[in-house]
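Offset between the sequence shown (1-based) and this note's numbering: plus 56.
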Amino acid sequence: MRQRVVDVRFRTVAPRPIGVFDSGFGGLTVARALIDLVPDQDLVYFGDTGRYPYGPRDLDEVREFAIEIADHLVERYGIKLLVVACNTASAAALDDLRDKLAIPVLGVIEPGIVAAAQVSRSGRVGVVGTVGLVASGAYPQSVDEHGLDIELTTCACPGFVEFVERGEVDGEGIAVLAERLLSPVKDADVDTLLLGCTHYPYLARTIADVMGRDVVLVSSADETAFEVRRLLVEDRTPGYVGQHTFVSSGDANVFEAIGRKLFGAELAGARQHRWPS
Ligand code: DGL
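Laid out in structure tokens, this is it:
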């Protein structure tokens, strides 16, 4: 049987993009996994660098930001699916976004914890994330909701995100901080550590060195991208190469310079979106 080839040159209806957002650069780890897994999809990435970090903020405020970004992505870009590529925003706003929007909304918490529970052999799983995320109790709640038989140790790592936002992903400073902040999950003797902040995969080398080679690191970024691929199974266009748009609420030149360092040269032509003050 001959394979069906879709000639995308004659596409008459513009494809609608997937919308992805985070407080800053962290969600680029999810965007990267999405581009690799569903390369035929258009994608708009919004980094709220003008208002980062979300971790130390009140969850109500993070919820307002998340709704504002989602509205912008729907109205300006006509997105067909929203990926909340931020654990803190997922904890704060996922339910509200699902109630409000007429498109599917995916967060990063559920795919990550389900995968971590599957990977763990001892059942002792650690989750590291922002202060806001850990305080929200979103991960223990998700463990209960899914009836996962694991012993969970959560631990906040304030300071990690700031390193990534400066484009600094290795060095002595991060190593010293990681050694101190990761001690609760090391002491709990976990065999699996879920990176419960989308910025943290950029620090995976240092985190892995501190945890030791017997501990498996699970990235919620990859697991969320698998979920998106499952959801879009009927909506693929083989041969089409997706267009990727990057938007920042901070300085677009700075966003592009640091973003390219983290994400690669494909991050080009970053647009600026100014929130009304
Ligand atoms: N990347 C975000 C997360 O996954 C948080 C970063 C921040 O504190 O702004 O939680």
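Using N, Cα and C, we set each Cβ at its ideal position, and we do this for glycine too. This structure is a prediction, so every number in the text was calculated from the model and none was measured.
**Q.** Assigned secondary structure, G75 (DSSP; H/G/I helix, E/B strand, else coil)
**A.** In this structure, G75 counts as strand in the three-state DSSP scheme.
Q. Is H329 helix, strand or coil by DSSP?
A. Judged by DSSP in its simplified three-state form, H329 adopts coil rather than helix or strand.
**Q.** Contacts around R67, its chain only, beta-carbon distance under 6 Å, and the 5 residues preceding and following it disregarded
**A.** Summary for R67: the model assigns pLDDT 49, below 50, so the residue's position carries little reliability; its value from the coordinates is reported in the next sentence. In its chain, beyond the 5 residues on either side, no residue has a beta carbon closer than 6 Å to the beta carbon of R67.
Q. Grouping DSSP H, G and I as helix and E and B as strand, with all else coil, what is F319?
A. Here F319 sits in helix by DSSP.
**Q.** Residues near L150 in its chain [Cβ-Cβ closer than 7 Å; skip 5 each side]
**A.** Excluding positions up to five away in sequence, the list reads V140, V161 and G163.
Q. Would L249 pass as a contact of M267 if the rule is Cβ separation under 8 Å?
A. Yes, Cβ-Cβ distance for L249 and M267 is below 8 Å.
(Q) Rounded to the nearest angstrom, what separates E36 and P332 at their Cα positions? (A) Any property of residue 36 remains undetermined from this structure, which presents the chain solely from 57 to 333.
Q: Under 8 Å by Cβ, that's how I've got G298 and D98 pegged, so tell me the actual separation to the nearest angstrom.
A: Correct: roughly 5 Å between the Cβ atoms.
(Q) For a test of your reading of the model: does the CB of P109 fall under 7 Å from any non-hydrogen atom of the ligand DGL? Yes or no. (A) At least one heavy atom of the ligand DGL is nearer than 7 Å to the Cβ of P109, so yes.
Q: Specify the secondary structure class of Y133 as computed by DSSP and reduced to three states.
A: Correct three-state label for Y133: helix.
(Q) As a quick exercise: from E201, E221, L238 and F216, pick the residue whose alpha carbon is nearest that of I230. (A) It is F216 whose Cα lies nearest to the Cα of I230.
Q.
Using a Cβ-based criterion (distance less than 7 Å to any ligand heavy atom), does V225 qualify as near the ligand DGL?
A. Here the distance from the Cβ of V225 to the nearest heavy atom of the ligand DGL is not below 7 Å.
Q) To which residues does DSSP link G182 through a beta bridge? A) Paired residues: T209 and L249.
**Q.** L241 to V183 span [Cα, whole Å]
**A.** Per the sequence presented here, residue 241 reads as Val, with Leu not at that position. So the two alpha carbons sit approximately 8 Å from each other.
Q | D384: CB within 7 Å of a non-hydrogen atom of the ligand DGL | A | The question about residue 384 has no answer here: the residues shown for the chain are numbered 57 through 333.
Q: Would you tell me roughly how many angstroms separate the C-alpha atoms of V310 and E221, rounded to the nearest one?
A: Between V310 and E221, the C-alpha separation is close to 10 Å.
Q. Counting Cβ pairs, one atom from each stretch, are 3 or more of them under 8 Å apart for the stretch 144 to 159 and the stretch 116 to 131?
A. Output reads yes: the stretch 116 to 131 touches the stretch 144 to 159.
Q) What are the start and end residues of the beta strand (DSSP E) that includes T301? A) That run of the beta strand (DSSP E) goes H300 to S304.
Q) Nearest to D96 by CA position, among H300, G168 and R316, is which residue? A) Considering only alpha carbons, the answer is H300.
Q.
Rounded to the nearest angstrom, what separates I314 and V100 at their Cα positions?
A. Straight-line Cα distance between these residues: approximately 18 Å.
Q. What three-state label does DSSP hand L138 in the structure shown?
A. Three-state DSSP puts L138 in a strand.
Q.
Are the CB atoms of L189 and G252 within a distance shorter than 8 Å?
A. At the C-beta level, G252 and L189 come within 8 Å of one another.
(Q) Three Cβ pairs or more, each shorter than 8 Å: is that satisfied between the stretch 275 to 286 and the stretch 164 to 171? (A) Between the stretch 275 to 286 and the stretch 164 to 171 there are three or more inter-stretch CB-CB distances shorter than 8 Å, so the stretches are counted as touching.
Q. Can you tell which of G80, V289 and I74 has the C-alpha that lies nearest to the C-alpha of L318?
A. Of the candidates G80, V289 and I74, the one whose C-alpha sits nearest the C-alpha of L318 is G80.
Q | Counterpart residues of L99 in DSSP-defined beta bridges | A | L99 is bridged to I74 and H300.
Q: Mind checking which residues open and close the beta strand (DSSP E) that includes L273?
A: Note, L273: beta strand (DSSP E), V272 to S275.
Q.
Distance check for R292 and V62, CA to CA, integer angstroms please.
A. The predicted model places V62 with a pLDDT of 45, which falls under 50 and marks its position as unreliable; any figure quoted below should be read in that light. Each residue's alpha carbon lies about 10 Å from the other.
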